[in-house]
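**Q**
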Amino acid sequence: MITSEKESVKIAHTKAVRSINVGLIGFGTIGTGVVKVLKENASVICDKLGCELVLKRVADRDINRDRGVKVDDGVLTTDAKDILNDPDISIVIELVGGTGIAREFIMEALEKGKHVVTANKALLSTHGKDIFKKAAEKGVDIGFEASVGGGIPVIKALREGLAANKIESIYGIINGTANYILSKMTNEGGKFEDVLRRAQEKGYAEADPTYDIEGIDTAHKLAILINLAYGTYIDIKDIYTEGIASISQLDIKYAKEFGYRIKLLAITKSVDGRIEARVHPTMIPAHHPLATIDGAFNGIYLKGNAVGSVLLYGMGAGMMPTASAVVADIMDIARNMNTGALRRVPPLSCPEDAVRAVELRDPESLEIPYYIRFLAMDKPGVLSKISGVLGKHNISISSVIQRDRKIGGAVPLVVLTHNALEKELRAAIAEISTMDIIHDKIVYIRIEENLGAAN
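So for the sequence shown, this note's numbering puts the first residue at 139; every next one is plus one.
#1: Taking the alpha-carbon positions, what's the ASP373 to ALA361 distance?
#2: Is the beta carbon of THR406 closer than 8 Å to that of ILE364?
#3: Taking DSSP as the reference, what is the three-state secondary structure of SER487?
#4: Is it true that the region 237–253 meets the region 450–457, where meeting means three or more beta-carbon pairs spaced less than 8 Å apart?
#5: Along the beta strand (DSSP E) that carries MET453, what are the first and last residues, could you check?
#6: Out of ASP346, TYR342, ASP500, which one is the CA nearest neighbour of GLU414?
#7: Since TYR508 is in the beta strand (DSSP E), which residue starts that stretch and which ends it?
#8: Go to SER386, then tell me how far its alpha helix (DSSP H) extends in each direction, as first and last residue.
#9: Closest to THR215 by C-alpha separation, out of PRO225, ARG195, ASP224, GLY206, would be which residue?
#10: In whole angstroms, what separates the C-alpha of GLU490 from that of ILE524?
#11: Helix, strand or coil for GLU586, going by three-state DSSP, please let me know.
#12: Thinking C-alpha only, which one of ILE585, ARG399, SER534 is nearest ALA566?
#13: If you drop the 5 nearest sequence neighbours on each side, which residues of the same chain put their C-beta closer than 8 Å to that of LYS375?
#14: Report the rounded CA-to-CA distance for ASP211 versus ASN223, giving the unit in angstroms.
#15: Go to ARG335, then tell me how far its alpha helix (DSSP H) extends in each direction, as first and last residue.
#16: Leaving out five residues before and five after VAL192 in sequence, what residues of the same chain have Cβ atoms less than 8 Å from its Cβ?
#17: Relative to the C-alpha of GLU249, which residue among ASP279, SER263, THR264 is closest?
#18: Where in the region 215–279 do unbroken runs of the alpha helix (DSSP H), each at least 4 residues long, occur, reported from the N-terminal end onward?
#19: Can at least three beta-carbon pairs, one atom from the region 471–487 and one from the region 297–311, be found at a separation below 8 Å?
#20: Tell me whether ILE354 sits in a helix, a strand or coil according to DSSP, three-state version.
#21: Label LEU440 either buried or exposed according to how many other C-beta atoms from any shown protein chain fall within 10 Å of its C-beta, with 16 as the threshold for buried.
#22: Alpha carbon to alpha carbon, how far is ASP91 from GLY281?
#23: Using 10 angstroms around the beta-carbon of GLU395, count the other beta-carbons present and answer buried if the total reaches 16, otherwise exposed.
#24: Going by beta-carbon coordinates alone, are ALA257 and ALA284 separated by less than 8 Å?
#25: Can you tell which of LYS177, ASN202, GLN387 has its C-alpha closest to the C-alpha of VAL333?
#26: Locate the beta strand (DSSP E) running through TYR309, then write down its first and last residues.
#27: To which residues does DSSP link ARG412 through a beta bridge?
#28: Going by CA-CA distance only, name the one from GLY166, SER571, ALA495, ILE308 that's closest to GLY235.
#29: In terms of alpha-carbon separation, which member of THR264, SER503, GLU232 lies closest to VAL172?
#30: Among ALA393, GLY341, HIS418, which has the Cα closest to the Cα of TYR309?
#31: By how many angstroms is the C-alpha of TYR342 removed from the C-alpha of ILE311?
#32: Hey, quick one: how far does the alpha helix (DSSP H) through ARG541 stretch, first residue to last?
#33: If we call anything under 8 Å between Cβ atoms a contact, is PRO423 one with TYR392?
#34: Please list, in chain order, all residues of the same chain as LYS276 whose beta carbon is under 6 Å from its beta carbon, the five residues on each side excluded.
#35: What is the rounded straight-line gap between the Cα of LEU551 and the Cα of VAL538?
#36: What does a CB cutoff of less than 7 Å around GLY456 pick up in its chain, not counting 5 residues either side in sequence?
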């Protein structure tokens, strides 16, 4: 029988239509969002895939709590083994979190030849090497779009959209809690402790906010971005990490006066063949697009040698934005299954045997401008003593402000430097800290003047 081209396409499409069973481990906030997306957008998903995604089982320790979304009878279970041991479930979604039992679930799913989708940035940043190698060994796919940036498709951008580029730099606001706190302090005032408490009351910060405010969560996400950008595995311990707890209203006020805003940035750059990896509060020009990203929103500013600068912006957390990314990964894997194109794109965008070690740049070799705030005695000669030590360590001053009221017999003295070597700056601060003219801990903040340009 001879068929027309249109009929052939229709027959081929019809043959591809089937159902794919998925299992969800972890029915918390994000898990609830995934179930909602799968149910509410079922027809849209089916139209785009040409097949149906069937949520066959959902495992959680608590299956009685009302999540505001219903699942079919017999779907809920308290035993994750009901998912891992079910031969009809092809894709396992891990949303338990942490680096303990979640790792066991993922490794067992991969061992059994099941594809995996996870949002677990802490796990991937510490055990990604083992997990990705197991996925390669078993010939299965693993999706992790939701691990960085919530609903922002930065993983896909690095793995596919920007694959032809050498990534020169990435600057990321990738922790919504820290950005919310700094935004509120900047726009509405208030002490760090008070704004943090309000953020906790509104649900923007955890009861224990350590990972967010100390930069640890940001470092986990930066490790994943570095692995993708440079085809490597970086140890989370090699990322210089500093939080935002030392930022005060004085710093925010002076930043405004100098034309900057303070953001907690994840930064990586390729400089002379070495990779920078750092997380810390950073002053950036108030006119830069990243400076305008407020509240719980995230933004990732990338520069590739071919594409130039790219800004990705959106909700970096939350039930539905994160669920959107999780389900997108499920759909990618379903497409690969339907077309026989499994592992079309490896996790790090390059074959496992092409993953290479990179040389990391010593944080002390950083050479950029700095903001330094001293609380110093208000008497003649103080500035000359401080500038003398800075000069001894090859640090040149570009601007000075000293006009606020006394605080306990001392006044804030703020200095902006020209480009200075971090090693020299730390040495100078250590020396100045011992002087009897200094009344409090010295605060310094790095300034990124030309985001996207290598230093």
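Ideal placement from N, C-alpha and C gives every residue a C-beta, glycine not left out. Source: prediction; values computed, not measured.
**A** Well, looking at it:
#1: Straight-line Cα distance between these residues: approximately 7 Å.
#2: Yes, the pair counts as a contact, with Cβ atoms nearer than the cut-off.
#3: Collapsing the DSSP output to three states places SER487 in coil.
#4: No, the region 237–253 does not touch the region 450–457.
#5: That run of the beta strand (DSSP E) goes 446–453.
#6: It is ASP500.
#7: Its beta strand (DSSP E) spans residues 508–515.
#8: Counting along the chain, SER386 falls outside any alpha helix (DSSP H), and DSSP gives it neither H nor E.
#9: Distance from the Cα of THR215 is smallest, within the candidate group PRO225, ARG195, ASP224, GLY206, for ARG195.
#10: In this structure, the straight-line span from the alpha carbon of GLU490 to that of ILE524 is close to 52 Å.
#11: Of the three classes helix, strand and coil, the one that applies to GLU586 here is coil, per DSSP.
#12: For the set ILE585, ARG399, SER534, the Cα lying nearest the Cα of ALA566 is the one of SER534.
#13: Beyond the five residues adjoining it in sequence on each side, LYS375 comes within less than 8 Å, by CB distance, of no other residue in the same chain.
#14: Roughly 19 Å between the two C-alpha positions.
#15: Its alpha helix (DSSP H) spans residues 330–339.
#16: Within the same chain, VAL192 has close Cβ partners SER157, ILE158, ASN159, VAL160.
#17: Answer by Cα proximity: ASP279.
#18: Runs of the alpha helix (DSSP H) inside the region 215–279: 219–222, 239–249, 259–276.
#19: With a cut-off of 8 Å, the region 297–311 and the region 471–487 count as touching, because enough Cβ pairs lie within range.
#20: Here ILE354 sits in helix by DSSP.
#21: When all chains shown are included, LEU440 counts as buried.
#22: Because the chain spans 139 through 593 in this model, residue 91 falls outside it and cannot be assessed.
#23: The residue is exposed, with fewer than 16 neighbouring Cβ atoms inside 10 Å.
#24: Between ALA257 and ALA284, the C-beta spacing is below 8 Å.
#25: The residue with the shortest Cα to Cα distance from VAL333 is GLN387.
#26: Element bounds for TYR309: 305–311.
#27: Answer by DSSP bridge pairing, in chain order: VAL409, GLU497.
#28: GLY235 has its Cα closest to that of GLY166, out of GLY166, SER571, ALA495, ILE308.
#29: The option with the nearest alpha carbon to VAL172 is GLU232.
#30: Of the listed residues, the one whose Cα sits closest to TYR309 is HIS418.
#31: Roughly 15 Å separates the two Cα atoms.
#32: Counting along the chain, no alpha helix (DSSP H) covers ARG541, and no H or E run does either.
#33: Taking 8 Å as the Cβ cut-off, PRO423 and TYR392 do not qualify as a contacting pair.
#34: Listed in chain order, the non-local C-beta contacts of LYS276 below 6 Å within the same chain comprise LEU248, GLY251, local neighbours out to five positions each way being set aside.
#35: LEU551 and VAL538 have their alpha carbons spaced roughly 7 Å apart.
#36: Excluding residues within five positions, the ones whose Cβ falls inside 7 Å are GLY288.
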